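Residue numbers (my numbering), protein chains in the order written: chain S, 56 to 365; chain P, 1101 to 1379. Below is one structure; the comments refer to it alone.
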């Protein structure tokens, strides 16, 4: 197993596998199949792969139409263009009638890097979370991405899955099972809880390691199922550790941090610190430098925790 | 599989069905107190021909896999769809009076409800054709003989997504897809050619790779002939139906003001007198 893998690469592998196992899979893309990795499926199943061209709105409608004939549909392109650009199409065609379409947004967040903020979706999770009937999943690594693709096959309604461009640390082994609506404690601790999604799970694990050397025991939760969210686990962490830090490569408004704060506010008020994009757009630059610029590195997580515990 | 030309008896029956559909449209809208009569009435003859001659469907078995699908892209014309489905027997005509009421499945705009014959969720304009293309291609994957019919308003083809869908239908050779354009030349703000000109409409669809058939959308015999004509292999078909908004109710005909305003009870009485329905 490689040490690092981009979640988009795992998506491509998973699509290939289920495509060989099942007859009902149809995959759509909007001229970015090389980048989203759906191209691998297309090469093996050209009859079930439909490129919509640079016409995302039509792609969502096509997806709903295919689903109406009993197909399980995966539609992918950059997250920027498969959420905001087609919000109404998703709302009307997928969410309201509960279509069996998996909306897969690759290149989520700022680690898109040099393409800049036109392509850096930092609002996608929030947008999708607002839609009734829509599930929202953000994998922390490659294995989790593959399990999500498989788990989505059992879900009748629409699901949004956000993958990333950057290679990230692998934290799950092949025995891992993704369960929609369940969070996962990837490291236990009693002093505070990091609740993270996507690549920030790896960063928080690294931060927890640093903090442990300083005598601080941080719990790390992988909240891959942003919606439905595991409210019981959030409340448990609030009660057991007293402080929560959320970490996301996304706006702190409306996404993971917003959802956790909503649950805590209603069910177990404790201090919640939200780390992520602070109501701002991304910038052009290498992914690693951007993570530093926006204070989303493991060192930033550890520093935030130190300040939070003072 | 060329169909036999419609007989005079059949044409008379289809016209009667269209008359009944129009009566239902006016009654349900008067009862609801809101809704869209103009674009519903303009499509009544088309819907009669589709549901009572052209389409393979079974109200007693609404989910049968090989059924032809109907997508109402112009979702605000929901009354003509509901009236037609009731006329066909998908549900009792008495249900029509629940249009737009809380708890009714006869929503202001259609939500997918296969048991009642409603195939697609529409209402946000310009999107139904994309769904129809996807359904047509999905049926082709299954080697089904089923066809997909998609009724569009002329105003909504101002939406760019329609042309994305048109392009994709031709690209993927969806010859089991039949689009119908209800060309009544009026949208809420007035004459389509003044709001955002569409002509030459036929040329546009032809340029996008569609086989275009023009017909008088209120001439039942002409509509039958248009739908009966065999498709061109590899090409989607567009029936360009020349229609009159509000057709069948004199004071609504050609009036943009009746796009989205329901008839009053007095207007209902007057319309029933013209249509030969019970007030």
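Built from N, CA and C at the ideal position, the CB exists for glycine as well. Because the structure is a prediction, the values reported are computed rather than measured.
Can you check which of these residues, the options, is closest to residue i by C-alpha distance?
i	options	result
residue 1164 (chain P)	P:1124, P:1181, P:1217, P:1146	P:1217
residue 235 (chain S)	S:320, S:337, S:62, S:192	S:192
residue 1174 (chain P)	P:1369, P:1300, P:1288, P:1303	P:1288
residue 1383 (chain P)	S:168, S:153, S:172, S:157	Lying outside 1101 to 1379, the shown extent of chain P, residue 1383 (chain P) is not represented and no answer is given.
residue 1191 (chain P)	P:1179, P:1200, P:1160	P:1160
residue 327 (chain S)	S:338, S:301, S:340, S:349	S:301
residue 126 (chain S)	S:138, S:132, S:107, S:103	S:103
residue 350 (chain S)	S:262, S:282, S:188, S:277	S:262
residue 256 (chain S)	S:195, S:225, S:120	S:195
residue 330 (chain S)	S:354, S:134, S:197	S:354
residue 278 (chain S)	S:241, S:264, S:293	S:241
residue 98 (chain S)	S:202, S:71, S:357	S:71
residue 1139 (chain P)	P:1176, P:1104, P:1374	P:1176
residue 332 (chain S)	S:181, S:65, S:157	S:181
residue 158 (chain S)	S:131, S:174, S:345	S:131
residue 342 (chain S)	S:175, S:215, S:94	S:175
residue 1329 (chain P)	P:1356, P:1225, P:1278	P:1278
residue 249 (chain S)	S:293, S:88, S:171, S:345	S:293
For chain P, check one thing: does any of its Cβ atoms lie closer than 9 Å to the Cβ of residue i?
i	result
residue 75 (chain S)	no
residue 152 (chain S)	yes
residue 124 (chain S)	yes
residue 146 (chain S)	yes
residue 33 (chain S)	Outside the shown range of chain S (56 to 365) lies residue 33 (chain S), about which nothing can therefore be said.
residue 155 (chain S)	no
residue 102 (chain S)	yes
Give a yes or no on whether the minimum CB-CB distance between residue i and chain S is below 9 Å.
i	result
residue 1283 (chain P)	no
residue 1129 (chain P)	no
residue 1169 (chain P)	yes
residue 1307 (chain P)	no
residue 1230 (chain P)	yes
residue 1286 (chain P)	no
residue 1271 (chain P)	yes
residue 1224 (chain P)	yes
residue 1356 (chain P)	no
residue 1147 (chain P)	no
residue 1178 (chain P)	no
residue 1374 (chain P)	no
residue 1328 (chain P)	no
residue 1113 (chain P)	no
For residue i, which residues of its own chain have a beta-carbon under 8 Å away from its beta-carbon, when the five flanking residues on both sides are left out?
i	result
residue 1365 (chain P)	1130
residue 141 (chain S)	111, 112, 114, 115
residue 1335 (chain P)	1270, 1273, 1275, 1309, 1310, 1311
residue 73 (chain S)	80, 204, 205, 208
residue 247 (chain S)	271, 273, 274, 296, 297, 298, 299, 300, 360, 363, 364
residue 314 (chain S)	184, 281, 282, 284
residue 59 (chain S)	222, 223, 224, 225
residue 1162 (chain P)	1190, 1214, 1215, 1216, 1217
residue 1332 (chain P)	1275, 1311
Just the Cα atoms here: how many angstroms apart are residue i and residue j?
i	j	result
residue 205 (chain S)	residue 1260 (chain P)	35 Å
residue 83 (chain S)	residue 335 (chain S)	31 Å
residue 136 (chain S)	residue 105 (chain S)	17 Å
residue 211 (chain S)	residue 270 (chain S)	46 Å
residue 200 (chain S)	residue 1126 (chain P)	53 Å
residue 166 (chain S)	residue 1194 (chain P)	58 Å
residue 184 (chain S)	residue 1106 (chain P)	53 Å
residue 1245 (chain P)	residue 1228 (chain P)	21 Å
residue 1141 (chain P)	residue 1347 (chain P)	5 Å
residue 1299 (chain P)	residue 338 (chain S)	44 Å
residue 253 (chain S)	residue 1323 (chain P)	56 Å
residue 169 (chain S)	residue 1357 (chain P)	52 Å
residue 276 (chain S)	residue 1220 (chain P)	40 Å
residue 1285 (chain P)	residue 1225 (chain P)	16 Å
residue 1237 (chain P)	residue 1265 (chain P)	12 Å
Which same chain residues, not among the five before or five after residue i, have their C-beta less than 6 Å away from its C-beta?
i	result
residue 1380 (chain P)	The displayed coordinates of chain P run from 1101 to 1379. Any statement about residue 1380 (chain P) would go beyond what the structure contains.
residue 178 (chain S)	306
Residues in its own chain within less than 7 Å of residue i by CB, not counting five upstream and five downstream?
i	result
residue 117 (chain S)	83, 105, 107
residue 1363 (chain P)	1126, 1129, 1130, 1137, 1371
residue 56 (chain S)	Bear in mind that a pLDDT of 45 at residue 56 (chain S), under 50, signals an unreliable position, so the number given afterwards is only what the model happens to contain. These residues qualify, in order along the chain: 225.
residue 1121 (chain P)	1144, 1147, 1148, 1180, 1183, 1184, 1187
residue 358 (chain S)	none
residue 150 (chain S)	186, 187, 188, 189, 213
Q: Counting only runs of 3+ residues fully inside the region 263 to 331 of chain S, write out the beta strand (DSSP E) ranges in chain order.
A: 273 to 277, 280 to 282, 299 to 306
Q. Where are the beta strand (DSSP E) runs, 3 residues long or more, that stay fully inside the region 117 to 202 of chain S, in chain order?
A. 127 to 133, 156 to 161, 190 to 192
Q | Continuous beta strand (DSSP E) assignments of at least 3 residues falling wholly in the region 191 to 260 of chain S | A | 214 to 217, 222 to 224, 239 to 242, 247 to 251
Q | Within the region 1231 to 1309 of chain P, ranges of the beta strand (DSSP E) (whole runs, at least 3 residues) | A | 1248 to 1253, 1277 to 1283
Q: Just list the alpha helix (DSSP H) runs in the region 1161 to 1211 of chain P, keeping only unbroken ones of 4 residues or longer that don't cross its boundaries, in chain order.
A: 1178 to 1188
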